[in-house]
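Numbering (our numbering), first residue to last: 371 to 599. Comments concern the structure below.
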């Protein structure tokens, strides 16, 4: 199957999801074939996770579309993405917002994604590698956060970087089953329950995030810019 046919088939499939005009435009504009090995071309036109190397996989496209629909990215936003992966989801978000900071715990994947995105004209992205639990206010403040992997509990380091009324979307729950969590950084009154900021939506099943917020705690203490000496 040629790249042109793969893209055409994917566009045909993505239209069945009844996405917003803005999100559909992002999926149709970003060339999906740039982000995956041609060996997996038969998978690229569909929705299932695609291997991205080093034992990792891309997002399920249907779940990614649902999470982006819930997040509802805006053109003026600054977005923090946890889980760069192949860079495909980063490219989608980049095309819809003002700027993106993306972080992946795997240095090699982060470096490959950076080269891929920059070489294809995605210049509104800053790249980091490391455990997102190590993020602090030197990373900046954000209108939105999206986490692609399952969290055992709230990714507080990321949520703490949200602007007032900023929003976050992330899968949260047990290793076997999660729910899509929607978080809004509203101001709480003195006696308000902190869970007033949360809504728990439909169930999903995704791999665990690696690091402090995951089901298996992988120690990664350093945050750095991949590909930078």
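Even glycine gets a Cβ: it sits at the ideal position worked out from N, Cα and C.
Beta-carbon spacing of residue i, residue j below 7 Å
i, j, result
"residue 528", "residue 502", "yes"
"residue 487", "residue 400", "no"
"residue 402", "residue 417", "no"
"residue 553", "residue 567", "yes"
"residue 536", "residue 563", "no"
"residue 389", "residue 435", "yes"
"residue 551", "residue 570", "yes"
"residue 494", "residue 464", "yes"
"residue 419", "residue 427", "yes"
"residue 387", "residue 574", "no"
N-terminal and C-terminal residue of the beta strand (DSSP E) that residue i is part of
i, result
"residue 383", "First-last for residue 383: 373-384, but that is the alpha helix (DSSP H), not the beta strand (DSSP E)."
"residue 437", "No beta strand (DSSP E) contains residue 437, which is instead part of the alpha helix (DSSP H) from 431-441."
"residue 495", "495-499"
"residue 397", "Taken as a continuous stretch (DSSP letters only), residue 397 belongs to no beta strand (DSSP E), being part of the alpha helix (DSSP H) at 391-399."
"residue 566", "Unbroken run through residue 566: none, as it is neither H nor E."
"residue 322", "One cannot answer for residue 322 here, as it falls past the ends of the chain, which runs 371 to 599."
"residue 553", "548-554"
"residue 423", "421-423"
"residue 534", "532-543"
"residue 516", "512-517"
Residue range of the unbroken alpha helix (DSSP H) whose run includes residue i
i, result
"residue 486", "477-489"
"residue 459", "458-464"
"residue 473", "Premise fails: residue 473 lies in the beta strand (DSSP E), 469-474, not in any alpha helix (DSSP H)."
"residue 414", "411-414"
"residue 529", "526-529"
Distance between beta carbons of residue j and residue i, contact taken as under 8 Å
i, j, result
"residue 424", "residue 478", "6 Å"
"residue 539", "residue 441", "5 Å"
"residue 509", "residue 474", "The Cβ separation is near 14 Å, so there is no contact."
"residue 338", "residue 521", "Nothing in the structure corresponds to residue 338, since the chain is present only between 371 and 599."
"residue 496", "residue 513", "With a Cβ gap of about 15 Å, residue 496 and residue 513 do not count as contacting."
CA-to-CA distance, residue j to residue i, given in whole angstroms
i, j, result
"residue 489", "residue 404", "10 Å"
"residue 396", "residue 471", "18 Å"
"residue 376", "residue 429", "18 Å"
"residue 345", "residue 455", "The requested residue 345 does not occur in the structure, where the chain is confined to residues 371 to 599."
"residue 374", "residue 415", "10 Å"
"residue 548", "residue 523", "10 Å"
"residue 593", "residue 507", "Annotation note: pLDDT 44 at residue 593 (below 50); position unreliable, coordinate value reported separately. Roughly 13 Å separates the two Cα atoms."
"residue 492", "residue 557", "34 Å"
"residue 378", "residue 581", "38 Å"
"residue 467", "residue 444", "6 Å"
"residue 480", "residue 544", "26 Å"
"residue 457", "residue 561", "42 Å"
"residue 469", "residue 525", "21 Å"
"residue 598", "residue 559", "With a pLDDT of 49 at residue 598, under the threshold of 50, the modelled position of that residue is not reliable, and no figure is offered here."
"residue 446", "residue 438", "16 Å"
"residue 383", "residue 572", "22 Å"
"residue 459", "residue 411", "18 Å"
"residue 579", "residue 530", "18 Å"
"residue 385", "residue 585", "35 Å"
"residue 576", "residue 511", "27 Å"
is_contact[residue i, chain C] using C-beta, thresh 7 Å
i, result
"residue 390", "Looking at the structure shown, chain C is missing, and only one protein chain is on hand."
How do the region 513-527 and the region 442-453 stand: do at least 3 beta-carbon pairs fall below 8 Å, yes or no? yes
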